[in-house]
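Contents: one structure, followed by commentary.
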Amino acid sequence: MRSSPLSRTAGRKGLNPDDYDASLWPQRLEALKTSSGDPGALAEFDVALTVGAMRYISDLHIGRINPKHFKFGIDVQQKLYDLPSFLAQNIINSTDVPGALSKVEPQYDGYRRTAAALQTYLQLASIYPAGALPEAAKTVAPGDNYTGVEQLIQRLQLLGDMPRDAGASNQPDSENSAIYTGPVVDGVKHFQIRHGITPDGKLGSETMRQLNTPISTRITQLSDSLERWRWLPESFSPLPVAVNIPEFVLRVFNPDHKIALRMNVVVGRALRTETPVFAEEMKYIVFRPYWNVPPSIARGETIPSIQKNPHYLAQKGFEITDQSGRVITSDAVSAEVLAQLRAGKLMVRQRPGPANALGLIKFIFPNTNNVYLHSTPAPQLFSQSRRDFSHGCIRVQEPAELAAFLLKGQPNWTLDAVNAAMQSGPDNRQVNLPTPVPVVIGYFTAFVEEDGQVHFFSDIYGHDKSLNAVLAKGPPYP
Numbered sequence: 011m012r013s014s015p016l017s018r019t020a021g022r023k024g025l026n027p028d029d030y031d032a033s034l035w036p037q038r039l040e041a042l043k044t045s046s047g048d049p050g051a052l053a054e055f056d057v058a059l060t061v062g063a064m065r066y067i068s069d070l071h072i073g074r075i076n077p078k079h080f081k082f083g084i085d086v087q088q089k090l091y092d093l094p095s096f097l098a099q100n101i102i103n104s105t106d107v108p109g110a111l112s113k114v115e116p117q118y119d120g121y122r123r124t125a126a127a128l129q130t131y132l133q134l135a136s137i138y139p140a141g142a143l144p145e146a147a148k149t150v151a152p153g154d155n156y157t158g159v160e161q162l163i164q165r166l167q168l169l170g171d172m173p174r175d176a177g178a179s180n181q182p183d184s185e186n187s188a189i190y191t192g193p194v195v196d197g198v199k200h201f202q203i204r205h206g207i208t209p210d211g212k213l214g215s216e217t218m219r220q221l222n223t224p225i226s227t228r229i230t231q232l233s234d235s236l237e238r239w240r241w242l243p244e245s246f247s248p249l250p251v252a253v254n255i256p257e258f259v260l261r262v263f264n265p266d267h268k269i270a271l272r273m274n275v276v277v278g279r280a281l282r283t284e285t286p287v288f289a290e291e292m293k294y295i296v297f298r299p300y301w302n303v304p305p306s307i308a309r310g311e312t313i314p315s316i317q318k319n320p321h322y323l324a325q326k327g328f329e330i331t332d333q334s335g336r337v338i339t340s341d342a343v344s345a346e347v348l349a350q351l352r353a354g355k356l357m358v359r360q361r362p363g364p365a366n367a368l369g370l371i372k373f374i375f376p377n378t379n380n381v382y383l384h385s386t387p388a389p390q391l392f393s394q395s396r397r398d399f400s401h402g403c404i405r406v407q408e409p410a411e412l413a414a415f416l417l418k419g420q421p422n423w424t425l426d427a428v429n430a431a432m433q434s435g436p437d438n439r440q441v442n443l444p445t446p447v448p449v450v451i452g453y454f455t456a457f458v459e460e461d462g463q464v465h466f467f468s469d470i471y472g473h474d475k476s477l478n479a480v481l482a483k484g485p486p487y488p
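Residues in the sequence shown are numbered from 11 upward in steps of one, following the numbering used here.
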C-alpha cells in the first residue's frame, strides 16, 4: 500500500486527485527512499497516506459533501464507516486493494454505468474538436444548406450519435456536402433525444447550444452525478420509485435494479416552486382525493381570484372549510370569511373529480415538504420537452399503471380496478401499501440508461452550479 497511493485513480472516479495530495506523492516517495529508514520519516509518510486513504474511502462511499448542506432531504449519516477500523480490516493487508475499494462504492447499476461513461468521456476529451460549430443565420431544417455539415458529422460520430460510415454522402468530395440531410439528420435526432430536446432534426438554438457544449462540461456533469449516486441509501427494498427532476422522468425499479416502469412527469417551476430533493417511503395511495390548497397558494392565487370573481369557488369546485373539515361555503364568500381565510383560520380545498388539480389519484410518502405524486387534469403538458410547471408536487403521466404496479399482489387491485376506483369510486379513499416503498426525488443532469446511452439535461434548478462552486473551494468540504 505504501507504494500505491490511492489518489492515482481519483480522477477516473469523478473525484479530484489533489484532494488526496496527488501532486505531493512523488516528492514524498523520493523523500522516503532517501531517509535511510529514519523512523520519523516513515511515520510521517504513513500518517499522510493513512489520512489520504481514509478521505478517499469516505469520498468514494458517501461523497464529498453532505447533501444536507444543499437542504436535500437525504441522510448519509447511516452510511458512515469507522474509517480507521475499515482501513485496518479491509485495506492494509489486502492482496486486492482495487477489489476491496470497489465494494466501498455504490453497488447500483446506474452508478457503474455512469462511472463507465465518465471513462469514455475522459478519453474523448483528448480527441474532441475544440470550438463551436459554424453559426447559421436561422434554424437549419432538413434539406437546408449548412456550411458546418462536415464538422457536425465529425462531432456526431465521436459522440456515438451517428455511425462512422453513415455520413459518406455528406463528405467534402460529395456534390451535396453542404446539404443537411439523410443520416446526418438522423444523427441529430438521436443527439436531441439524449439531451432532452424534441427530436425534430432541426438545428435550432437549443440543439446548437448542446452540440457546442465542451466535453469538459460533460465530464463535470458525470462527476456530479457520481457524487449524488454516493449520497443514496446503500440498498432499496422492495420497489424503489425514482424521479429525476431535470430529466422530467419517473422510473420504478425491480429488486434486481432493472427498470419495471418509466414515464414522464411534470415537476416544480424553476426559481419559484422547485421540487425538493429528498428520500422517503411511500405508504399509501388516495383515490379521488381532495386538494387541500397550501396557504401560500391560497394567499397568492385563490384569495385574489375570489376578490375578482364572487363565484370563483363554485366555478372551480373549491370550498372553504374550518380546521376540522366542516364546509363553511362553496360559493359566495363574505368579507368576514375572507378575512379569516387571509388570517389562516380557514382553509380552501378542491372537491374530488376530473377537474381536481391533483387529478384522480395521489401517492403519499409523508415528508416535511408536503410533496407527493399525483395525476393531473392537464395531460397535454407531458408532451412538452421541458416540464417544470407545477407548484412543487410531481404529476405522473401514467398514474393508473403506477398504482396497479405498486398494489400488485393485493387482491382485486388490477389495472381495471384501479381505473374504476379513479373514475367512479368513493371520494378520498385511502389504500395502504402492504409494504412501504422507498421514493427518491433525485437530481441527475447526466443519466446513463440500461443500454449504455448517456443522456444529459439542463441544470434547471442550478443544483450542479451550487455543487461545483463548493467543490471548487477544495477540502474540507461541508
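Even glycine gets a Cβ: it sits at the ideal position worked out from N, Cα and C.
These figures come from a predicted structure and were not determined experimentally.
{"query": "Please list, in chain order, all residues of the same chain as I313 whose beta carbon is under 8 Å from its beta carbon, the five residues on each side excluded.", "result": "L348, L351, R352"}
{"query": "Looking only at its own chain, which residues have a Cβ that is under 8 Å from the Cβ of Q433, when we skip the five neighbours before and after it?", "result": "L370"}
{"query": "Could you compute how far the alpha carbon of M357 sits from the alpha carbon of N222?", "result": "50 Å"}
{"query": "Answer yes or no: do G452 and N254 have a C-beta to C-beta separation smaller than 8 Å?", "result": "yes"}
{"query": "Do A236 and Y121 have their CB atoms nearer than 8 Å?", "result": "According to the sequence shown, residue 236 is Leu rather than Ala. Taking 8 Å as the Cβ cut-off, L236 and Y121 qualify as a contacting pair."}
{"query": "By how many angstroms is the C-alpha of G462 removed from the C-alpha of A3?", "result": "Only positions 11 to 488 of the chain appear in the structure, and residue 3 is not among them; the question remains open."}
{"query": "Flag this pair as touching only if the segment 93-100 and the segment 72-85 have three or more C-beta atom pairs under 8 Å; answer yes or no.", "result": "no"}
{"query": "Residues bridged to G83 by DSSP?", "result": "F288"}
{"query": "Which same chain residues, not among the five before or five after D417, have their C-beta less than 6 Å away from its C-beta?", "result": "A small correction: the amino acid at residue 417 is Leu; Asp does not occupy that position in the sequence shown. Result list for L417: W423, in chain order."}
{"query": "Could you name each continuous beta strand (DSSP E) segment of 3 residues or more that falls completely within the segment 438-471, going from the start of the chain to the end?", "result": "439-452, 456-458, 464-466"}
{"query": "Classify H473: buried if its beta carbon has 16 or more other beta carbons within 10 angstroms, exposed otherwise.", "result": "buried"}
{"query": "Of all the options I374, I295, Y471, which has the alpha carbon lying nearest to the alpha carbon of V428?", "result": "I295"}
{"query": "Around the C-beta of L166, are 16 or more other C-beta atoms found within 10 angstroms, so that it is buried, or is it exposed?", "result": "buried"}
{"query": "Using three-state DSSP, classify I189 as helix, strand or coil.", "result": "strand"}
{"query": "Near I72, which residues of its chain fall below 8 Å by C-beta distance, leaving aside the five closest residues on each side in sequence?", "result": "V86, K89, L90, R240, W241"}
{"query": "DSSP state of L416, grouped into three classes?", "result": "helix"}
{"query": "Straight-line CA distance for R272 to E291?", "result": "19 Å"}
{"query": "Around the C-beta of V406, are 16 or more other C-beta atoms found within 10 angstroms, so that it is buried, or is it exposed?", "result": "buried"}
{"query": "If you scan the segment 222-306 from start to end, which runs of the beta strand (DSSP E) of 3 or more residues do you find wholly inside it?", "result": "251-254, 259-263, 269-278, 288-297"}
{"query": "DSSP puts M357 in a beta bridge; with which residues?", "result": "T331"}
{"query": "Cα separation between K293 and E244?", "result": "20 Å"}
{"query": "Whose C-beta lies closer than 8 Å to the C-beta of R204 among residues of the same chain, with five residues either side of it excluded?", "result": "D171, Q463, V464, H465, F466"}
{"query": "State the DSSP-derived secondary structure class of F373, mapped to helix, strand or coil.", "result": "strand"}
{"query": "Specify the secondary structure class of D183 as computed by DSSP and reduced to three states.", "result": "Any reading at D183 is ruled out, since the residue's pLDDT is 49, under 50, leaving its predicted position unreliable."}
{"query": "State the DSSP-derived secondary structure class of H321, mapped to helix, strand or coil.", "result": "coil"}
{"query": "Of the residues L111, Q231, V195, which one's Cα is nearest the Cα of P152?", "result": "V195"}
{"query": "Taking only the alpha-carbon atoms, compute the straight-line gap between N442 and A414 and give it to the nearest angstrom.", "result": "13 Å"}
{"query": "Please state the DSSP three-state secondary structure of D128.", "result": "Per the sequence shown, the amino acid found at residue 128 is Leu instead of Asp. Three-state DSSP puts L128 in a helix."}
{"query": "Say whether the segment 370-383 touches the segment 322-334, bearing in mind that this needs 3 or more beta-carbon pairs closer than 8 Å, one atom from each stretch.", "result": "no"}
{"query": "Would you list the one or two residues that DSSP bridges to N155?", "result": "I189"}
{"query": "What's the gap between the Cα of Y30 and the Cα of F55?", "result": "13 Å"}
{"query": "Assuming contact is defined by CB atoms lying nearer than 8 Å, are S45 and A51 in contact in what I supplied?", "result": "yes"}
{"query": "Taking buried to mean at least 16 other C-beta atoms within 10 Å of its own C-beta, is V61 buried or exposed?", "result": "exposed"}
{"query": "Please report the straight-line C-alpha distance between Y322 and D341, rounded to a whole angstrom.", "result": "7 Å"}
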